[in-house]
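There are 4 protein chains.
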Amino acid sequence: MKRIGILTSGGDAPGMNAAIRAVTRRAIDKGLEVFGINYGYAGLVAGDIFPLTSDDVSDRIQRGGTFLYSARYPEFANVEGQLKGIEQLKKFGIDALVVIGGDGSYHGALRLTEHGYNTIGLPGTIDNDIPFTDFTIGFDTAVSTAVDAIDKLHDTASSHERTFVVEVMGRGAGDVALWAGVAGGAQKIIVPERDFDIKEIAQEVKEGREQGNKNMIIVLAEGVMHAEDFKKELDKYGDFDSRATVLGHVQRGGSPTPKDRVLASKMGAYAVDLLLDGKGGLAVGVENNKITSHDILDLFDSKHKPDLSLYDLNESISR
Amino acid sequence: MKRIGILTSGGDAPGMNAAIRAVTRRAIDKGLEVFGINYGYAGLVAGDIFPLTSDDVSDRIQRGGTFLYSARYPEFANVEGQLKGIEQLKKFGIDALVVIGGDGSYHGALRLTEHGYNTIGLPGTIDNDIPFTDFTIGFDTAVSTAVDAIDKLHDTASSHERTFVVEVMGRGAGDVALWAGVAGGAQKIIVPERDFDIKEIAQEVKEGREQGNKNMIIVLAEGVMHAEDFKKELDKYGDFDSRATVLGHVQRGGSPTPKDRVLASKMGAYAVDLLLDGKGGLAVGVENNKITSHDILDLFDSKHKPDLSLYDLNESISR
Amino acid sequence: MKRIGILTSGGDAPGMNAAIRAVTRRAIDKGLEVFGINYGYAGLVAGDIFPLTSDDVSDRIQRGGTFLYSARYPEFANVEGQLKGIEQLKKFGIDALVVIGGDGSYHGALRLTEHGYNTIGLPGTIDNDIPFTDFTIGFDTAVSTAVDAIDKLHDTASSHERTFVVEVMGRGAGDVALWAGVAGGAQKIIVPERDFDIKEIAQEVKEGREQGNKNMIIVLAEGVMHAEDFKKELDKYGDFDSRATVLGHVQRGGSPTPKDRVLASKMGAYAVDLLLDGKGGLAVGVENNKITSHDILDLFDSKHKPDLSLYDLNESISR
Amino acid sequence: MKRIGILTSGGDAPGMNAAIRAVTRRAIDKGLEVFGINYGYAGLVAGDIFPLTSDDVSDRIQRGGTFLYSARYPEFANVEGQLKGIEQLKKFGIDALVVIGGDGSYHGALRLTEHGYNTIGLPGTIDNDIPFTDFTIGFDTAVSTAVDAIDKLHDTASSHERTFVVEVMGRGAGDVALWAGVAGGAQKIIVPERDFDIKEIAQEVKEGREQGNKNMIIVLAEGVMHAEDFKKELDKYGDFDSRATVLGHVQRGGSPTPKDRVLASKMGAYAVDLLLDGKGGLAVGVENNKITSHDILDLFDSKHKPDLSLYDLNESISR
């Protein structure tokens, strides 16, 4: 193995640049050449490929987004698309790849490995919804952005004694809501993994008000329902002077937190080591503070489990 | 004059606490006693009034919101409400007041002055829509929060070559949009004070894309239309992979910027000096870097003018 | 057990307020009464003790420092001091305690337990130098503050092609330096746990410059030597236009990161659960993402081990 | 005039990139070609000059530092150096220049104008020490960074009832200290423009302590004396558990505030307009919210005057 390629795929996440940097530097340190592939699998197929030097990844670790750009490219699910990609790998003499992205990106990684091009997947998504990893690259930053917003809403909630319904990202998983809810001091956290009863919540808000709770925040995972709809449901049970806020795409951007940078750096270096060991078709994770890897095939049969102890914790300390 | 009262009214704004601190400390420094009134005019009428010491306003300058709480209280437009308020002022021996809030709060200030209780108004609103002042308390912080969000959206816009329509606050005035647009490097700024043609904008976006502009942000003042509606209109003219984001109430909160803290401190101290001079019925402003005051009556006949040179500047440097 | 007390001791750390909030709320949720003790062991001895309600810990989770104040109080090492403290516990009817602080605070916790007052210790220190816990409360925030500063120094280092020697906190342990170094993209990390040779470092800086590395940052743990002394040593081997910067006490303050808030909340609730189980003399930790506890006695025989894999990682990816 | 050049000189300041962007985009908008000159006057003499496109300045407005790099180059004071620079201008066909930097940079701008190359100076320095402008590019960001640090020190100062002596930047001018002091809620501000008596200050600190003031911050302009020396002097008069902190070069970096970005954008566009009007030898400023220009020659006879009303304001509201 002499040359490796690297691409980012699916939704962008803070820390992707830190991962690209680590992959690039580690590979160069081990005597490999590195090629960047723009726009994910779309760029692979189109041959949008260029050599990456140590210098190219300088001053990148602190930047949000991905400087290799990302794109969704469902066509790579077809053999035709894959063969076009492999043609490009041959043309550029690339022997193996690192792919940073979400669940969907791993399918392509598996196909490339099957075609003889060892490919390692790194979990880059703010949603934290990938199996066999406690944390994904970008999750800590997204939580941090959400909590920063919740802190600001607390100021105005306190001043006006309002109730805010804050919709945070996480289509299928409640992780962002759970972490942002506990860290933001939310009155209630609503996640897809737990049932809820709006009437009961309205009752709690009412009692909270009566006990002098001035700054009530309800954190809602987007996978459950829309904030505006939740607010409307809530308003049926009383006048809570409530407001709905959707944090939205802001959560995808921003300079990655130190935790995300360190995680991305560790995972990126580890991916190169796996390739050097002749491995492929693996997804890198962090489990119990250790960097691990699992067969991508196994991931498809598994489901990420959020830390629901946070839900129960919040119930007992949000008063 | 021995005792002054202070209240915050209308929508809360970052820097209100800094203003309360400055009023309190300056007044105590000049030998006065100070009383805080909770919940604006509603609290005045209800007698929710308590003595404020220098210590009470310690560790407050950096906090968002208002620790005196705020509320809208239309009933204070009636003489009945005013007389109840005056009864409370008599009861607590308060001779004069400082009121921090938006346009609406100034009506109450004028009525109290007419009843013999000199009252000075400070412009506390993130909208910057008050006449006779270049800047209101809270505006700089709101712009800062909006620009921070736009910077984050730039990350993800660049990574995916998306177009974002970002709705910022400012019902009647385009100030937040103008400042956040220029500072955020927006492609376009849409404000109530200037006409626009969505078809032309779509054309510009299309051309920008063709010239390689990867991170297009359109900043939209909420007074013009909803971001989601704007996006739908835009989408009629092409596929821009556009997204709508509403920054919302987050812009009201957060630790005030140094500029807002300094402005609030200067204005707060000045308000006390005006009261000591036996003045009332005045609104404090900052014009050409100098703290000034104007008859509140004159404000009602005037209209705030945003700095539209920012609009033209942006047209020439957003490429 | 009906009443528990809580105090913070030693150097303050971001997240202490989140821990106090969690202890208070969990205890109240379980039917206990809670008393806050100001100024650590000094306040215990002096009887500076007051009841804490759920309301008292509202709007605290996001605040840096500790609203119970902290103090060093070596006199508590003597039996005399301890007995005075116990007298106060009797007076206020407090049966058990939670103590948040560093290593030193645990001695007092052990003594109180020996005297029959079950006491649980929580690791509150930015240094991360406590055995049997992967992370202490405050560490993530301190790293975040340090990295924020390093990012800013990168801007000016790049603009002027300067070398910065940045001294970060951590007297006995290199943890802050290791994390901030990797996350900050440092050229070199200097920690007490690893030898270094300034002449070799000077050589590396020289070679880095020649290869076009414009923004060199050397992160130095304060336990090794002073930044100014390091800079002087470095300057003996060449003209690197170097500057020394000591981040200092800024690293102790600031709003805690979500990670610190969640950690503090989990640990605080867990401490109450241990007391309810009739346990004492234990130190709470987080190991492999699980909240754990160990005999404080065992801690005294152990030594915290930083994650030195970060050192090696940085050597291979800092170019 | 067909081609203009742009360089940054002296100490870097946040907002320089925003100014470069505005100059470049405005010039291109007006049909000019733009050349970037790296490393200030040193790069001009060395011919480190390259064409700048609209794309080159994309995604720059939010970055700290200067992507054209900066350097001090005293040799440009000599005619010999100037003639070498002019040779390069001829070679690249550059007719006029914009120079962003501090006081020193303006001498070069004047000399180039005298040689027939109209040059406009923009005030880029965090110190705010330039005559005929109320604010320099970078000042607002530096104050913001300083206040952020002071807020963090407040947390730990409150928790431990310590006194912090915080040294902020500003060699010859007290502006950063005055703004950061008022905005940071400092107990005292020490600037070169006002005398002070350490004994009296110690007395004030003592009295403050007795009145319950827990978080005392003394903000010291670096031009007065070193924080460590001040602390030592202070300690002669009592035990204040004081700490000295030097904020240092961190104040030079970081993403520019919206205010700095807007100011830099306005000034950059205006500089191009002046060149198009055939003007040179002028320094751009902002006075009373209006963008203005003055003969550079007049600047050399003038002295910047800080807003000392802030000093008096702080005396009356810091209790």
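Residue numbers (my numbering), protein chains in the order written: chain D, 13 to 331; chain A, 13 to 331; chain L, 13 to 331; chain R, 13 to 331. Backbone N, C-alpha and C fix where the C-beta goes; we use that ideal spot for every residue, glycine too. This structure is a prediction, so every number in the text was calculated from the model and none was measured.
Residues near D/G297 in its chain [Cβ-Cβ closer than 6 Å; skip 5 each side] = Position 285 of the first sequence, counted from the first residue, corresponds to residue 297 of chain D. Cβ within range, chain order: F144, T145, T304.
Nearest to R/S117 (by Cα), restricted to the options R/L134, R/E245, R/I210, R/E212 = Residue mapping note: residue 117 of chain R aligns to position 105 of the fourth sequence, counting from 1. When each option's Cα is compared against that of R/S117, the closest is R/L134.
Interface residues of chain L facing R/Y81 [CB-CB closer than 9 Å] = Stepping through the fourth sequence from its first residue, residue 81 of chain R is reached at position 69. Going along chain L in sequence order, the residues near R/Y81 (Cβ under 9 Å) are S170, S171, H172, E173, K226.
Please look up how many angstroms separate the CB atoms of D/L109 and D/T78, rounded, as I've assumed it's under 8 Å.
-> Here residue 109 of chain D refers to the residue found at position 97 when the first sequence is read from its first residue. Here residue 78 of chain D refers to the residue found at position 66 when the first sequence is read from its first residue. Between D/T78 and D/L109 the Cβ distance is about 15 Å, and since that is not below 8 Å, they are no contact.
Using a cut-off of 7 Å between C-beta atoms, extract the partners of D/N300 located in chain L.
-> Within the first sequence, the letter at position 288 stands for residue 300 of chain D. Under the 7 Å cutoff, chain L gives N300, N301.
Anything in the segment 255–288 of chain R with a Cβ closer than 9 Å to a Cβ of chain L? List those residues in chain order, please.
-> R255, A256, T257, V258, L259, G260, H261, V262, Q263, R264, G265, G266, S267
Which stretch, first to last residue, makes up the beta strand (DSSP E) that contains R/K302?
-> Looking up residue 302 of chain R in the fourth sequence gives position 290. Looking at the DSSP string, the run of the beta strand (DSSP E) that includes R/K302 is 302–307.
Do we get a CB-CB distance below 8 Å when we pair A/L165 with the residues of chain D?
-> The count along the second sequence starts at 1 and reaches residue 165 of chain A at position 153. Chain D, which has a Cβ nearer than 8 Å to the Cβ of A/L165, makes this yes.
Along chain L, in chain order, which residues have C-beta atoms closer than 7 Å to that of D/I73?
-> As a first step, residue 73 of chain D must be located in the first sequence, where it is residue number 61. What D/I73 touches in chain L: G197.
How many whole angstroms separate the CB atoms of L/Q7 and L/A158, which I take to be in contact at a CB cut-off of 8 Å?
-> Residue coverage of chain L in this structure runs from 13 to 331, which leaves residue 7 of chain L outside it and unanswerable.
6 Å Cβ shell around L/E299 - same chain, five flanking residues per side excluded = Along the third sequence, read from residue 1 onward, the residue named residue 299 of chain L stands at position 287. Closer than 6 Å at Cβ, skipping near neighbours: D146.
Taking the alpha-carbon positions, what's the A/V236 to A/T137 distance?
-> Position 224 of the second sequence, counted from the first residue, corresponds to residue 236 of chain A. Position 125 of the second sequence, counted from the first residue, corresponds to residue 137 of chain A. Cα-Cα distance, rounded: 19 Å.
Residue from D/I18, D/A198, D/R15, D/T125 whose Cα sits closest to the Cα of D/K291 = As a working mapping, residue 291 of chain D is identified with position 279 in the first sequence. Of D/I18, D/A198, D/R15, D/T125, the residue nearest in Cα terms is D/T125.
Compute the distance between the beta-carbons of D/T20 and D/I149, then report whether it is under 8 Å.
-> The residue given as residue 20 of chain D occupies position 8 in the first sequence. The residue given as residue 149 of chain D occupies position 137 in the first sequence. Taking 8 Å as the Cβ cut-off, D/T20 and D/I149 do not qualify as a contacting pair.
Just how far apart, CA to CA, sit D/K226 and R/K164?
-> Locating residue 226 of chain D in the first sequence gives position 214, where the first residue counts as 1. Locating residue 164 of chain R in the fourth sequence gives position 152, where the first residue counts as 1. Roughly 26 Å between the two C-alpha positions.
Put L/I142 into one of helix, strand or coil per three-state DSSP.
-> In the third sequence, residue 142 of chain L corresponds to position 130, counting from 1. Looking at L/I142 - three-state DSSP - the assignment turns out to be coil, as it is neither helix nor strand.
So, using beta-carbon positions, are R/E327 and R/H238 closer together than 8 Å?
-> Walking along the fourth sequence from the start, residue 327 of chain R turns up at place 315. Walking along the fourth sequence from the start, residue 238 of chain R turns up at place 226. No; because the gap between Cβ atoms is not below 8 Å, this pair is not in contact.
In terms of alpha-carbon separation, which member of D/L275, D/K315, D/L325, D/D310 lies closest to D/K402?
-> Examination of residue 402 of chain D is not possible in this model, given that chain D is present from 13 through 331 alone.
Go ahead and label A/S314 buried or exposed: buried means 16 or more other beta carbons lie within 10 angstroms of its beta carbon, across all protein chains shown.
-> As a first step, residue 314 of chain A must be located in the second sequence, where it is residue number 302. Exposed, since its Cβ has fewer than 16 Cβ neighbours within 10 Å.
Candidates D/A34, D/H166, D/A121: closest to A/G76 by CA position | The residue you call residue 76 of chain A lines up with position 64 of the second sequence. Per the Cα distances, D/H166.
Run the CB neighbour count on A/F242, radius 10 Å, all protein chains shown included, and call it buried at 16 or more, exposed below.
-> To locate residue 242 of chain A, count along the second sequence from 1; it is residue 230. Counting Cβ neighbours within 10 Å, A/F242 comes out buried, since at least 16 surround it.
Mind checking whether D/G97 and D/D272 have CB atoms under 8 Å apart?
-> On the first sequence, residue 97 of chain D is found 85 positions in, with the first residue counted as 1. On the first sequence, residue 272 of chain D is found 260 positions in, with the first residue counted as 1. Not in contact: D/G97 and D/D272 (Cβ atoms no closer than 8 Å).
Would you kindly report the start and end of the unbroken alpha helix (DSSP H) that includes D/M279?
-> By one-based count along the first sequence, residue 279 of chain D stands at place 267. First-last of the alpha helix (DSSP H) with D/M279: 270–288.
In terms of residues, what are the limits of the alpha helix (DSSP H) holding A/E45?
-> If you number the second sequence from 1, residue 45 of chain A lands on position 33. It is not in any alpha helix (DSSP H) - A/E45 instead sits in the beta strand (DSSP E) that spans 45–49.
Within 10 angstroms of its Cβ, does R/N90 collect 16 or more other Cβ (buried), or is it exposed?
-> What you label residue 90 of chain R is simply residue 78 of the fourth sequence in a count that begins at 1. Label assigned to R/N90: exposed.
For R/I229 versus R/G196, is the C-beta distance shorter than 8 Å?
-> Stepping through the fourth sequence from its first residue, residue 229 of chain R is reached at position 217. Stepping through the fourth sequence from its first residue, residue 196 of chain R is reached at position 184. The answer is yes: Cβ separation under 8 Å.
Leaving out five residues before and five after D/Y81 in sequence, what residues of the same chain have Cβ atoms less than 8 Å from its Cβ?
-> If you number the first sequence from 1, residue 81 of chain D lands on position 69. So the list reads T20, N50, Y51, G52, G55, once near-sequence residues are dropped.
Could you tell me which chain D residues have their CB closer than 9 Å to the CB of A/D338, listed as they occur along the chain?
-> The displayed coordinates of chain A run from 13 to 331. Any statement about residue 338 of chain A would go beyond what the structure contains.
Shorter than 8 Å from the beta carbon of R/A185 to some beta carbon of chain A?
-> The residue given as residue 185 of chain R occupies position 173 in the fourth sequence. So no, R/A185 is outside the interface.
Quick one: Cα of L/D107 to Cα of L/G48, how far?
-> Residue mapping note: residue 107 of chain L aligns to position 95 of the third sequence, counting from 1. Residue mapping note: residue 48 of chain L aligns to position 36 of the third sequence, counting from 1. Those two C-alpha atoms are separated by around 13 Å.
Hey, quick one: how far does the alpha helix (DSSP H) through D/E245 stretch, first residue to last?
-> Numbered from 1 along the first sequence, position 233 holds the residue referred to as residue 245 of chain D. From DSSP, the alpha helix (DSSP H) with D/E245 extends over 239–247.
Taking the continuous beta strand (DSSP E) assigned at A/K200, which residues delimit it?
-> To locate residue 200 of chain A, count along the second sequence from 1; it is residue 188. Where A/K200 is concerned, the enclosing beta strand (DSSP E) stretches over 200–202.
Hey, how far is the Cα of R/K333 from the Cα of L/G265?
-> Outside the shown range of chain R, which is 13 to 331, sits residue 333 of chain R, and nothing can be said about it.
Report, in whole angstroms, the separation of the C-beta atoms of D/D115 and D/P318, which I expect to be a contact under 8 Å.
-> Walking along the first sequence from the start, residue 115 of chain D turns up at place 103. Walking along the first sequence from the start, residue 318 of chain D turns up at place 306. Actually they are not in contact, since the Cβ atoms of D/D115 and D/P318 sit about 15 Å apart, beyond 8 Å.
Just how far apart, CA to CA, sit L/G280 and D/V194?
-> Along the third sequence, one-based indexing puts residue 280 of chain L at 268. Along the first sequence, one-based indexing puts residue 194 of chain D at 182. So the two alpha carbons sit approximately 13 Å from each other.
Just the C-alpha distance for A/S254 and D/V258, rounded to the nearest angstrom, thanks.
-> What you label residue 254 of chain A is simply residue 242 of the second sequence in a count that begins at 1. What you label residue 258 of chain D is simply residue 246 of the first sequence in a count that begins at 1. Cα-Cα distance, rounded: 17 Å.
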